[in-house]
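Trainee: Handing you this structure, nothing more for now.
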Amino acid sequence: MKRTPILAFLALFAMLSCSKGKPQPFQVIPMPNEVSIGKGVFPVKGAALAVDPALDAPSQAAVAAFAQALETATGKALKEGDGGFSFTLNTALDPEEYTISINKKGVAVEASALNGFLYACETLKQMLPVEIYGNKKAKADWVLPCATIHDKPRFAYRGMHLDASRHFWSIEETKRYIDVMATYKLNRLHWHLTDDQGWRIEIKRYPLLTEVGGWRAGTMVGRDWGSNDGIRYGGWYTQNQLREVVAYAAAKGITVIPEIDLPGHMVAALASYPELGCTGGPYKVWERWGVAKDILCAGNEEVFTFLENVLYEVMQIFPSQYIHIGGDECFDGDAEPGRPDPWDVCPKCARRMAQLGIRRGPMAKHELQNYVTARIQKYLADNGRKVIGWDEILEGNLQPGATVMSWRGTEGGLKASALGFDAIMTPTTYLYFDYYQGRERDKEPLGIGGYVPLEKVYSYEPLTGVPAGAEKHILGVQANLWTEYIALPEHLEYMLLPRLCALSEIQWCQTDRKDYDRFNASLDHTFGLLDQMGVNYSLDSRGLVGLDRKPARSAADLETYLEANR
Ligand code: ACM
Ligand code: ZN
2 MKRTPILAFL ALFAMLSCSK GKPQPFQVIP MPNEVSIGKG VFPVKGAALA VDPALDAPSQ
62 AAVAAFAQAL ETATGKALKE GDGGFSFTLN TALDPEEYTI SINKKGVAVE ASALNGFLYA
122 CETLKQMLPV EIYGNKKAKA DWVLPCATIH DKPRFAYRGM HLDASRHFWS IEETKRYIDV
182 MATYKLNRLH WHLTDDQGWR IEIKRYPLLT EVGGWRAGTM VGRDWGSNDG IRYGGWYTQN
242 QLREVVAYAA AKGITVIPEI DLPGHMVAAL ASYPELGCTG GPYKVWERWG VAKDILCAGN
302 EEVFTFLENV LYEVMQIFPS QYIHIGGDEC FDGDAEPGRP DPWDVCPKCA RRMAQLGIRR
362 GPMAKHELQN YVTARIQKYL ADNGRKVIGW DEILEGNLQP GATVMSWRGT EGGLKASALG
422 FDAIMTPTTY LYFDYYQGRE RDKEPLGIGG YVPLEKVYSY EPLTGVPAGA EKHILGVQAN
482 LWTEYIALPE HLEYMLLPRL CALSEIQWCQ TDRKDYDRFN ASLDHTFGLL DQMGVNYSLD
542 SRGLVGLDRK PARSAADLET YLEANR
């Protein structure tokens, strides 16, 4: 073919600049379980793309999104055809497993289902310059290193929790949260949608839940328990918005598990429908943090009708097999010292205990809670769903089939697995991301307390102490992000990252693939890609502390500071 000299020159220049590009150091998080890096690179700009027609529509869409990201960042579309990227169905692989083989001529990806293809694409994106996570064309070394990768996760349940009650997060903010989770191959969003301080999910049969329960008249200021800013605060999601989030997450391989926390943490519902409480109220949507004494009355049949009607609508919105029913902190609320728990003095609850043959004593309330849990568990099971509850549901006599979320340390999860219940590990001691992460507390934004720095998160081993043979009951691991003291998205993201990256390696990597030094070095790449995504993160690991990233104290000053603050 005859070319003009200038075009021939440009073609030669393009070829040279492609084949000479320098690949990124391999800094993928979570680290894939088998990687071997070879010599040479594959230039991705404008490469060919062949997609196996056997891929289902969601997998095709995942590949199309990857191709779109490449086009945006490199400025050149992939062209349909052989001899470049190929995405092929391989039904011998598990749904979350994938293989990638890169040589100088092309990139072959194989997986059997959406999640496998998504994870292959995420791995490829993290092997490229960080600008692949941006939304504009960028000059960079658009090459992938020759490599073979075979990868699948260690745990099936890889969760992150978000508290939308104490502070409310817009749909856009929630989607960004999901984007971050997808980047690090998490697959469950536990969405805490109801609590004493606000009810956030539209329930058509009970409109007051959002009209009244969605708003509080004010909020305590800082840690001053007697204070109130007097500013009305709240918000709630329509069922259409919730469905939009469910679909958005599903396309990214993430199942949304809603939590309707019961029978405690229900003051917003009681403020809306006071007849559901033991005393009949009146109640106000709570304006302070901490644990309320008022909970749903277990002696009132109307409460069960209410819960079933609410959960019926919840199931129409959320296709998740699991529904989280809370169950935490029902007794001994920290407000109103001296006031007895309503279940101790309520005639209706007393009648119910008598009917059930529950004897007076320290276990009575727990047994009554077991009764509530069992009824709701049965209702959900009759509708094809399973319950997850916080580890308090284990106290007394839990019915088979429930999954226990271990938060008060690891004991609940260990006990549950020993008894044959499935468990998800979310211990405060390693995985509460509302706890402080920086050593220089006086430079951190106000938090709930605790201290869970990055290295501590990374060090968590979920199977420690699990009885032999019970390992299969540990479904996985999740971190929780409660938002009492977190009101702004940049603060939310700061608490989330990079601790979520450490979480992802606990969830994904086989133990012999974990290495804190390698992980910590890989964060340089991750910080770059988060910048591209416009997501905030803590730089404590790089000596810049606090939301405004002040230089850390010198080692000597820090020692003096820690000594004074121990
Ligand atoms: C919890 O942190 N109350 C589960
Ligand atoms: Zn009662």
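Residue numbers (this note's numbering): 2 to 567.
Glycine is no exception: its CB is placed at the ideal position from the N, C-alpha and C atoms.
Just so it is clear, the structure is predicted and the values come from calculations on it, not from any experiment.
#1: Which residues in the same chain have their Cβ closer than 8 Å to the Cβ of S505, if we skip the five residues on either side of it in sequence?
#2: Taking all protein chains shown into account, do 16 or more other C-beta atoms lie within 10 angstroms of the C-beta of P44, making it buried, or fewer, making it exposed?
#3: Look at the Cβ atom of P259, then the Cβ atom of I359, and state whether they are nearer than 8 Å.
#4: Below 8 Å CB to CB, which residues in the same chain sit around Q61 once its five sequence neighbours on both sides are set aside?
#5: Assuming contact is defined by CB atoms lying nearer than 8 Å, are G327 and D262 in contact in what I supplied?
#6: K551: buried (16+ other C-beta within 10 angstroms of its C-beta) or exposed?
#7: What whole-angstrom Cβ distance do A218 and K138 have, given they're in contact under 8 Å?
#8: Under 6 Å Cβ to Cβ from L524, same chain only, skipping five residues before and after it: list those, please.
#9: Taking only three categories from DSSP, how would you classify Y372?
#10: Are the beta-carbon atoms of C331 and G300 separated by less than 8 Å?
#11: Shortest alpha-carbon distance to L119 belongs to which of Y207, A252, A365, L71?
#12: Counting only the same chain and skipping the five closest in sequence on each side, list residues whose C-beta sits under 7 Å from that of A382.
#13: Beta-carbon within less than 6 Å of N566's beta-carbon, same chain only, minus the 5 sequence neighbours each way: which residues are those?
#14: Residue range of the alpha helix (DSSP H) that N104 falls in?
#15: Which class does C147 belong to by DSSP, given the choice of helix, strand or coil?
#16: Please determine whether the Cβ atom of P343 lies at a distance below 7 Å from any heavy atom of the ligand ZN.
#17: Between the region 299-315 and the region 333-353, do three or more beta carbon pairs fall short of 8 Å?
#18: Which one of P26, W216, E111 has the shortest CA to CA distance from M128?
#19: Looking at the strands, I want to know which residues DSSP matches up with T256.
#20: Strictly by DSSP, which residues pair up with L399?
#21: Does the region 428-435 come into contact with the region 400-416, if we say contact requires no fewer than three beta-carbon pairs (one atom in each stretch) closer than 8 Å?
#22: Quick check on DSSP: helix, strand or coil for K137?
#23: Check whether the Cβ atoms of S555 and I475 lie closer than 8 Å to each other.
#24: Just verifying my parser: in three-state terms, what is the DSSP assignment at N481?
#25: Quick one: give me the first and last residue of the beta strand (DSSP E) that P44 is part of.
#26: Taking 7 Å as the limit between beta carbons, can you name the residues of its chain near M364, skipping five residues before and five after?
#27: Just grab the DSSP bridge partners of W200 for me.
#28: May I ask which residues mark the beginning and end of the alpha helix (DSSP H) holding A469?
#29: Going along the chain, which residues of its own chain have a beta-carbon closer than 6 Å to the beta-carbon of E98, five neighbours each way excluded?
#30: Of all residues in the structure, which have a C-beta closer than 6 Å to any heavy atom of the ligand ACM, taken in chain order?
#31: Tell me, to the nearest whole angstrom, how far the beta carbon of L210 is from that of S273; I am working on the premise that it is less than 8 Å.
#32: Give me the DSSP bridge partner(s) of S542.
#33: Can you find the residues in the same chain that come closer than 6 Å, C-beta to C-beta, to I103, ignoring five residues on each side of it along the sequence?
#34: When the Cα atoms are used, what is the spatial distance from R177 to A351?
#35: Between the Cα of L131 and those of L559, H526, L243, S542, spot the shortest distance and give me the residue it belongs to.
#36: What do you get for P33, buried or exposed, if any count of 16 or more other CB atoms within 10 angstroms of its CB means buried?
Mentor: A quick look at the data gives this:
#1: I30, P31, R159, Y185, K186, L187
#2: buried
#3: no
#4: V52
#5: yes
#6: exposed
#7: That pair is no contact at about 49 Å.
#8: P499
#9: helix
#10: no
#11: A252
#12: G402
#13: none
#14: No alpha helix (DSSP H) holds N104; the beta strand (DSSP E) holding it covers 99-104.
#15: strand
#16: yes
#17: yes
#18: P26
#19: R189
#20: According to DSSP, L399 bridges with nothing at all.
#21: yes
#22: coil
#23: no
#24: strand
#25: 35-44
#26: G397
#27: T195
#28: Taken as a continuous stretch (DSSP letters only), A469 belongs to no alpha helix (DSSP H), as it is neither H nor E.
#29: G117, K153
#30: D329, E330, W391, W408
#31: 5 Å
#32: In the DSSP output, where bridge partners are listed per residue, S542 has none listed.
#33: F43, L145, C147, A148
#34: 47 Å
#35: The sequence shown places Val at residue 131, not Leu. The shortest C-alpha separation from V131 is found at H526.
#36: buried
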